[in-house]
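Trainee: So the protein lines, in turn, are chains A and B.
So for the first sequence, the numbering used here puts the first residue at 1; every next one is plus one.
So for the second sequence, the numbering used here puts the first residue at 1001; every next one is plus one.
Before we start, here is the structure in question, set down as structure tokens.
Protein chains: 2
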Amino acid sequence: MLKLKEGLKEGGRVVAGGWLASKRVQGDIAFLVLFESGKELQVTIKGDNKRLLEKAEKIREHSSLIVEGTIHLTEKAPRGYEIYPTKIRIVSPAKKIPPFHVYGGNLPSIDKRLDIRAVDLRRVKAMAIFKLRHLLLKSCREFLSKRGFIEVQTSKIISSATEGGAALFPIMYYDKEAFLAQSPQLYKEQLIMAFEKVFEIGPIFRAEPFRTLRHLSEAFSLDVEQAFVDYREIMDLLEELVKYVLTEIANEGKEELKDLRYELEIPEGPIPRITYDQAIEILQGKGIEVNWGDDLGTKELEVLGSEMNGYYFITDWPLSLKPFYIMPKGRLSESFDLMYKDLELSSGGTRIHRKSLLVKRLKEQGLKPKGFDYHLRVFDYGMPPHAGFGLGIDRFMMVITGVNNIREVVLYPRDVRRLIP
Amino acid sequence: MLKLKEGLKEGGRVVAGGWLASKRVQGDIAFLVLFESGKELQVTIKGDNKRLLEKAEKIREHSSLIVEGTIHLTEKAPRGYEIYPTKIRIVSPAKKIPPFHVYGGNLPSIDKRLDIRAVDLRRVKAMAIFKLRHLLLKSCREFLSKRGFIEVQTSKIISSATEGGAALFPIMYYDKEAFLAQSPQLYKEQLIMAFEKVFEIGPIFRAEPFRTLRHLSEAFSLDVEQAFVDYREIMDLLEELVKYVLTEIANEGKEELKDLRYELEIPEGPIPRITYDQAIEILQGKGIEVNWGDDLGTKELEVLGSEMNGYYFITDWPLSLKPFYIMPKGRLSESFDLMYKDLELSSGGTRIHRKSLLVKRLKEQGLKPKGFDYHLRVFDYGMPPHAGFGLGIDRFMMVITGVNNIREVVLYPRDVRRLIP
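Printed below as a string of structure tokens:
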């Protein structure tokens, strides 16, 4: 909270509220740094103000204060000015000291920090991460809205499995069994019938009990779907989107990237596209034992990632590795993954728009068309050809911020072991 | 899909994809209206093109087409031009006819329409509703971002009840019991410790088995929280937000409001604020039997709503009617509801920021502080005073569009009886 009662001028009166990030007493002068709206604000107490100096010495870091005083313009302070206080009120004293510093230094394990996540978020690097996350989502929305996409919200409580039953959290929905949606896939496909271009940004839920640095039980996803395009055109759109948001972040998130001491990588020129077949050849050329038709696991992606570096697409996957709604192309499929090194960021493809083929593919994957009746029935009303992708926002945030644990980019992460706070 | 190969000029070549909304044959001329990107596009077939005229007669409405042809500029067509086709390709024929018209007329029950919701959404009025919803959320984000709020995402899977255990959907979370979040209340309060001003837009889940025109089991909510303000200042913020987004919608959503034949009401001057005590007096003056301390039910709100008309606040509710985290003010509380006629749109207030008082209030409401340990512990680190509100997006959409069933403003509504599609 900052009220500049006479604007920003020398001697102008000011009231500011914030929490104390650091305190430094040098002889008869004291510097308090508050965080106000996530940014530093300097309060300087001079020696002639014995009463406030004594009070300042007793204030614990993290306490919330309201400071009244006057403005002194100075280039040395973070905002180009400091406050000479006439009154300091401790509106909420800190009773404990967290086991980490706001400005860095050695960090306790993420588990220790998550136990008091709200306090952990006061670290400068943590604040920077979530300001960049705000900027990332803002830029995604801007990019897609400008291109005529409409943002939709689909239900997170669903009656049956989207992609075939694996990894769903069951819910008691009144007297029925239901599940948490692991993707808005079928809904977004339906919605292009009316709106042609849609996107959704929201939570997705996957009951995958492994605990790695890049999986969460509750993740955040950007889902895009468009009618009258195929996977090549949708890859172009994704590529443009990635470049747009990275450029926006580089421009608007300068301060935050500096706080993170991280250099953002914006791909120059087209993002390389290799087919699955080429990927297999590369891997075999490196002596990796992998056969055509195998999925690419951790080891394979590490080798491929160090070969390709940066961003790249892997296209035309074997049909057997893709979900039922992906358009076949002989034994291949019209599909792609967007990778950053060994990290899968996005997956997409052309979708099947003919009911008969969709029913055939469901059966081939051992799924019962009857369970998808509510979905299949709208295909009788002129479902156009369409394509789309899902982009993992949390994973994209890992690339943008350079952190190696996905839990650092999520406020309250959920995994097989963690359900609180 | 629309590709103007030589720009928008007379005789320019064009390829367009869309679905057929209406077809009219007058003698030897046929008019097809496609919807392309949610907007009308006219295709005119003239008599000298017998082959296409014959083909057009056979195309069912709702079929998806790709049309190639040339541009003819004319003020009579919806976009200021029509297409003279040289080729029409039926990329996905409609096999069924829905039991409603795209342009209006008698509508079957919402339940019948929801069974094929994706097709129902092709009605002009339904499309208008969801374009306005896109605009509403866009305007909320704009307003709050401009004022320095950061958008956050908190977990929807929680370990315990936010507001005391009522109306929660249980989940099997691996081998533990968990719940779907009925509000991000406690999380957003925690987050102002680091960020000062936060908002979240996302789903909330309430296991309330009644089936009314204004309740859903899965709703969409805007949640705002700010440090160093009280309920009066946050009411001012909400009032500004409401006026901002209504003005944006009036300007940017003109066409859609026209499609809905609905006149948007933007409050002129300040939104009236009455206290709960005054509300009781008004009701008693109208001969309604209501005692101080009673909650205001359907009947009371109907009478009050017709008295107050439009938007108004009810402030300073009895403490006993409010959740544990609301700041007491004697036997009253620092709280408010924003109403539109008899519809509650938003609820907010000053929050308790002292741990000891919060523990006392938990106990008074029969809740166990131990179950809130993960929340209470961060109050030891200088939690500042704060206030906030939650605004029901679906209900606000009812007011903006003038519909009387909340299911009309949600793509895939969920209630005690409906879980599909």
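Beta carbons are placed, not taken as given, at the ideal position from N, Cα and C, and that holds for glycine.
How would you list, in chain order, the residues of chain A whose beta-carbon sits under 7 Å from the beta-carbon of B:SER1159?
Mentor: Start at 1 with the first residue of the second sequence, and residue 1159 of chain B comes out as number 159. Near B:SER1159 (Cβ distances below 7 Å), the residues of chain A are LEU419 and ILE420.
Trainee: Nearest chain A C-beta to B:GLY1305 closer than 8 Å, yes or no?
Mentor: As a first step, residue 1305 of chain B must be located in the second sequence, where it is residue number 305. No, B:GLY1305 does not count as interfacial toward chain A.
Trainee: Would you mind sorting A:TYR103 into buried or exposed? The rule is 16 or more other CB atoms within 10 Å of its CB.
Mentor: Here the question's residue 103 of chain A lines up with position 103 in the first sequence. With fewer than 16 other Cβ atoms within 10 Å, it is exposed.
Trainee: Under 8 Å, Cβ to Cβ, is there at least one residue of chain A near B:TYR1191?
Mentor: What you label residue 1191 of chain B is simply residue 191 of the second sequence in a count that begins at 1. Here residue 1191 of chain B turns out to be Leu, not Tyr, going by the sequence shown. At least one chain A Cβ lies under 8 Å of B:LEU1191.
Trainee: Counting C-beta neighbours from all protein chains within 10 Å, is the total for B:LEU1034 16 or more, i.e. buried, or is it exposed?
Mentor: As a working mapping, residue 1034 of chain B is identified with position 34 in the second sequence. B:LEU1034 comes out buried.
Trainee: Less than 8 Å between the C-beta atoms of A:ILE88 and A:LYS55, yes or no?
Mentor: Here residue 88 of chain A corresponds to residue number 88 of the first sequence, with the count starting at 1. Here residue 55 of chain A corresponds to residue number 55 of the first sequence, with the count starting at 1. Yes; because the gap between Cβ atoms is below 8 Å, this pair is in contact.
Trainee: CB of B:GLU1281 to nearest heavy atom of the ligand SAH: below 7 Å?
Mentor: Of ligands this structure carries none, so the ligand SAH is not represented either.
Trainee: Beta-carbon of B:VAL1043 versus every beta-carbon of chain A: anything under 8 Å?
Mentor: Position 43 of the second sequence, counted from the start, is the residue given in the question as residue 1043 of chain B. B:VAL1043 does not count as touching chain A.
Trainee: For A:ASP394, count neighbouring Cβ atoms within 10 angstroms of its own Cβ and tell me buried if that reaches 16, exposed if not.
Mentor: Sequence index remark: in the first sequence, residue 394 of chain A carries index 394 (1-based). Buried is the call here.
Trainee: Does the beta carbon of B:LYS1096 sit closer than 8 Å to a beta carbon anywhere in chain A?
Mentor: Looking up residue 1096 of chain B in the second sequence gives position 96. Closer than 8 Å to some Cβ of chain A, the Cβ of B:LYS1096 qualifies, so yes.
Trainee: Is the Cβ of A:SER137 closer than 8 Å to any Cβ of chain B?
Mentor: Residue numbering aside, residue 137 of chain A sits at position 137 when the first sequence is read from its first letter. Looking at the sequence itself, residue 137 of chain A is Leu, so the reference to Ser does not match. Yes - at least one Cβ of chain B is within 8 Å of the one on A:LEU137.
Trainee: What would DSSP say about B:HIS1134, mapped onto helix, strand or coil?
Mentor: In the second sequence, the residue the question calls residue 1134 of chain B occupies position 134. Residue state, collapsed to three classes: helix.
Trainee: What residues are listed by DSSP as bridge partners for A:ILE88?
Mentor: Indexing the first sequence from 1 puts residue 88 of chain A at position 88. Looking at the DSSP assignment, A:ILE88 forms a beta bridge with A:VAL67.
Trainee: Beta-carbon separation of B:ARG1206 and B:ALA1167 under 8 Å?
Mentor: Along the second sequence, read from residue 1 onward, the residue named residue 1206 of chain B stands at position 206. Along the second sequence, read from residue 1 onward, the residue named residue 1167 of chain B stands at position 167. For B:ARG1206 and B:ALA1167, yes; Cβs fall inside 8 Å.
Trainee: Quick one: list the residues of chain A neighbouring B:GLU1218, beta-carbon separation under 9 Å, in chain order.
Mentor: Counted from its first residue, the second sequence places residue 1218 of chain B at position 218. Residues of chain A passing the Cβ test: SER155, LYS156 and ILE157.
Trainee: With 8 Å set as the bound, which would you pick, yes or no: does the beta-carbon of B:GLU1225 sit closer than that to a beta-carbon of chain A?
Mentor: Here residue 1225 of chain B is taken as the residue at index 225 of the second sequence, counted from 1. By this cut-off, B:GLU1225 is not an interface position.
Trainee: Counting only the same chain and skipping the five closest in sequence on each side, list residues whose C-beta sits under 8 Å from that of A:LYS286.
Mentor: Here residue 286 of chain A corresponds to residue number 286 of the first sequence, with the count starting at 1. Same-chain partners within the cutoff: VAL303 and GLU307.
Trainee: Is B:PHE1228 close to chain A? Criterion is C-beta to C-beta, closer than 8 Å.
Mentor: Along the second sequence, one-based indexing puts residue 1228 of chain B at 228. Judged by the 8 Å Cβ criterion, B:PHE1228 is in contact with chain A.
Trainee: Closer than 7 Å by beta-carbon distance: list the chain A residues that pair up with B:MET1339, in chain order.
Mentor: Within the second sequence, the letter at position 339 stands for residue 1339 of chain B. Within chain A, no residue comes near B:MET1339; the closest Cβ sits about 24 Å away, beyond 7 Å.
Trainee: Using Cβ-Cβ distances below 8 Å, what residues of the stretch 172-184 of chain A are close to chain B?
Mentor: So the close ones are MET172, TYR173, TYR174, LYS176, ALA178 and LEU180.
Trainee: Taking only runs that begin and end inside the stretch 1192-1258 of chain B, name each unbroken alpha helix (DSSP H) of 4 or more residues, in chain order.
Mentor: Fully enclosed alpha helix (DSSP H) runs of 4 or longer: 1231-1252.
Trainee: Any C-beta of chain B within less than 9 Å: which residues of the stretch 360-390 of chain A qualify?
Mentor: For the stretch 360-390 of chain A, which is checked against every Cβ of chain B, the residues closer than 9 Å are ASP373, TYR374, HIS375, ARG377, VAL378, PHE379, ASP380, TYR381, GLY382, MET383, PRO384 and PRO385.
Trainee: Can you tell which of A:GLY297, A:LEU216 and A:THR247 has the C-alpha that lies nearest to the C-alpha of A:LEU419?
Mentor: Numbered from 1 along the first sequence, position 419 holds the residue referred to as residue 419 of chain A. Taking only the C-alpha atoms, the option nearest A:LEU419 is A:LEU216.
Trainee: Do A:ALA181 and A:ILE204 have their CB atoms nearer than 8 Å?
Mentor: Locating residue 181 of chain A in the first sequence gives position 181, counting from the first residue. Locating residue 204 of chain A in the first sequence gives position 204, counting from the first residue. Their beta carbons are under 8 Å apart, which means A:ALA181 touches A:ILE204 by this criterion.
Trainee: In angstroms with no decimal places, state the Cα-to-Cα distance between B:LEU1332 and B:ASP1316.
Mentor: Within the second sequence, the letter at position 332 stands for residue 1332 of chain B. Within the second sequence, the letter at position 316 stands for residue 1316 of chain B. Each residue's Cα considered, the two are about 6 Å apart.
Trainee: Classify A:ASP274 as helix, strand or coil using the three-state DSSP reduction.
Mentor: Counting from 1 along the first sequence, the entry for residue 274 of chain A is found at position 274. The question names Asp, but residue 274 of chain A in the sequence shown is Ile. Note: A:ILE274 maps to strand in three-state DSSP.
Trainee: Kindly list, in the order they appear in chain A, the residues whose Cβ is closer than 7 Å to that of B:GLU1151.
Mentor: Your numbering for residue 1151 of chain B matches position 151 in the second sequence. Within chain A, the residues near B:GLU1151 are HIS134 and LEU137.
Trainee: Note the first and the last residue of the continuous alpha helix (DSSP H) segment covering A:THR401.
Mentor: Start at 1 with the first residue of the first sequence, and residue 401 of chain A comes out as number 401. Note, A:THR401: alpha helix (DSSP H), 393-401.
Trainee: Below 8 Å CB to CB, which residues in the same chain sit around B:GLU1006 once its five sequence neighbours on both sides are set aside?
Mentor: As a position in the second sequence, residue 1006 of chain B is number 6, starting the count at 1. Here the set comprises GLY1012 and ARG1013.
Trainee: Can you check whether the C-beta of B:VAL1025 is within less than 8 Å of a C-beta belonging to chain A?
Mentor: The residue labelled residue 1025 of chain B in the question sits at position 25 within the second sequence. Not one chain A Cβ lies under 8 Å of B:VAL1025.
Trainee: For chain B, check one thing: does any of its Cβ atoms lie closer than 8 Å to the Cβ of A:PHE210?
Mentor: Locating residue 210 of chain A in the first sequence gives position 210, where the first residue counts as 1. A:PHE210 does not count as touching chain B.
Trainee: Output yes if chain A places a C-beta closer than 8 Å to the C-beta of B:HIS1101; else output no.
Mentor: The sequence position of residue 1101 of chain B within the second sequence is 101, counting from 1. No, B:HIS1101 lies away from the interface with chain A (no Cβ there is under 8 Å from its Cβ).
Trainee: What's the C-alpha gap between A:TYR340 and B:ARG1273?
Mentor: Counting from 1 along the first sequence, the entry for residue 340 of chain A is found at position 340. Counting from 1 along the second sequence, the entry for residue 1273 of chain B is found at position 273. Their backbone Cα atoms lie some 54 Å apart in a straight line.
Trainee: Does the count of Cβ pairs from the stretch 1343-1352 of chain B and the stretch 1386-1405 of chain B closer than 8 Å reach three?
Mentor: Yes, they touch.
Trainee: Check whether chain A comes within 8 Å of B:GLU1057, counting only Cβ atoms and requiring the distance to be less than that.
Mentor: Here residue 1057 of chain B refers to the residue found at position 57 of the second sequence. No, its Cβ sits nowhere closer than 8 Å to a Cβ of chain A.
Trainee: Can you give the Cα-Cα distance for A:TYR412 and A:GLU218, rounded to whole angstroms?
Mentor: Here residue 412 of chain A refers to the residue found at position 412 of the first sequence. Here residue 218 of chain A refers to the residue found at position 218 of the first sequence. Looking at the two C-alpha atoms, the distance is approximately 10 Å.
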